[in-house]
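In this text, residue positions in the sequence shown follow the numbering used here: the first is 26, and each later residue adds one.
Right, one structure below, let's go through it.
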Amino acid sequence: MHNFPVYSPEQALHLPLFSEKKVEVWVKRDDMIHPFISGNKWRKLKYTLQDALENNTEELVTFGGPWSNHLLATACAGALFDIATTAFVRGEEVDNPVLKMCQLYGMNLHFVNRTAYKDKNSLFQQYQQSNTNNTYFIDEGGSSILAAQGCAEIITELQNHYDHIICAAGTGATVAGLAKGLLSTGKFNTQLHVIPVLKRGEFIIDEMKKLNAPIENVHLHTNFHFGGYAKTKPELIDFIKTFVAQSGIMIEPTYTGKTMYALHALIQTNQIRAQQRVLFIHTGGLTGLLGQLNLF
Ligand SMILES: *Cc1c(COP(=O)(O)O)cnc(C)c1O
C-alpha cells in the first residue's frame, strides 16, 4: 500500500485572549503528519500519487518556487514510493536548504526564468518528449481535484463539532477540500474562514468553484497577507514570537503565522464570539522557516 498512517490529533489550545473572550480554540495538527511531506502537502499528494501509480508512472514532474514546501514533499514522497521526481524551479539558479533536501531525496532540479515558468504545460510537454520515462504532471502547489479530495479527509477525521474552521490558502485546493468535506459530512453550520496569503486573494473563491467546492459558508479575509506572498511585517514577526513561546506550537510567517494572526484578530473583534468552538488547521510547512530565521 502506497500510504502511511496519518497522525494528526485535535488539540485544545489555551491562551489568555481565548479565555478572556470565552472562545474554545483547537488545533488540527496536520504539521505532525510527516516532517517533510508536511501538513496539507501529504493530503494533496495522497490521491495524486495513487493515480500516478495506477497509471504506471515512473517519474513525477512538478513546479514551484525555490522555498516550496510542495517540492520538498514531492521529492520525499517520490523517494518513499520509488518514483523518480523532477522539478522546474522558478527563477535563477540558487542553492538553499529546502532545495538541498529535495536533491538529497533524489529530485532533479531545472531552474527556469519567470517567463518560461509561466507556461508549465509547454515545459512539461518538452520534457516529456525528451524523456523515455512514463511521466506525470503535478501542478504548482500540488493543486488539483484529487488534491482537494485528499484535503476533505481533514474533515472526515474530526472528533469534535466546530462552529468555525480557519485555514490558510495559497492555491485554494486545501480550503476547497475542507468545504467539500463539510458538505459531504452534513456539517452545514460550520463557518469556513479562509486566509489568502497572497495579495488580491479574491481569486481563491474562483479556484474553489473550479474544484467544485461549495462557497455558501466561506468567509474570505483578504486583509491578512502582510504585503503579499512570503512578505512579512514586524508586527507579524512579533506576534509569531509571542505565540510560539506561549503555546509551544511552531508556526511560520508565510502561511500559519498569518492565519493564526487572523484568528486572534477575529476573536479580538468578536467576529468569533463567546461560547463558540474554533478549529485552526495547522497546515505544516515549517521547513520554510529555514530561510526566515534571520527575521526573528
Ligand atoms: C502550501 C501550503 C498552504 C497552501 O495550501 P493551498 O492548498 O495551496 O491553498 C498552506 N499552508 C502551508 C503550510 C503550506 O505549505
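Backbone N, C-alpha and C define an ideal beta-carbon position, used for all residues, glycine too.
Quick caveat, the model's predicted, so the values are computed rather than measured.
Looking at I191: is its Cβ nearer than 8 Å to the Cβ of K283? No, these two residues do not count as a Cβ contact at 8 Å.
Given this structure, state the Cα-to-Cα distance separating V123 from G131, to the nearest angstrom. It is roughly 13 Å from the alpha-carbon of V123 to the alpha-carbon of G131.
With a cut-off of 8 Å on the beta carbons, I'd call V48 and I292 a contact; round off their distance for me. With a contact defined as Cβ atoms closer than 8 Å, V48 and I292 qualify at about 5 Å.
Per DSSP, what are the beta-bridge partners of E84 in this structure? Among the bridge pairs identified by DSSP, E84 is matched with A109 and T160.
Indicate the three-state DSSP secondary structure (helix, strand or coil) for R115 in the structure shown. Strand at R115.
Which term fits R68, buried or exposed, when burial requires 16 or more other beta carbons within 10 angstroms of its beta carbon? Buried.
Once DSSP output is grouped into helix, strand and coil, what is the label at W67? In the three-state reduction of the DSSP assignment, W67 falls in the helix class.
I believe K71 touches G175 by the beta-carbon criterion, under 8 Å. Please report the beta-carbon distance rounded to the nearest angstrom. Correct: roughly 4 Å between the Cβ atoms.
Return helix, strand or coil for N133, following the three-state DSSP convention. If DSSP states are grouped into helix, strand and coil, N133 belongs with the strands.
A172 and A238: beta carbons closer than 8 Å? In this structure, A238 does not lie closer than 8 Å to A172 by Cβ.
L236 (DSSP reduced to helix, strand or coil): L236 falls in the coil class under three-state DSSP.
F213 in three-state terms, based on DSSP: Shown here, F213 sits in coil according to DSSP, grouped into three states, outside any helix or strand.
Under 8 Å, with one C-beta from each stretch per pair, do the region 181-188 and the region 150-163 reach the 3-pair mark? No, the region 181-188 does not touch the region 150-163.
Label N118 either buried or exposed according to how many other C-beta atoms from any shown protein chain fall within 10 Å of its C-beta, with 16 as the threshold for buried. First, the residue type needs correcting, since residue 118 is Glu and not Asn in the sequence shown. E118 is exposed by the Cβ-count criterion.
Beta-carbon proximity list for Q317, same chain, < 6 Å, skipping 5 on both sides: Around Q317: P278.
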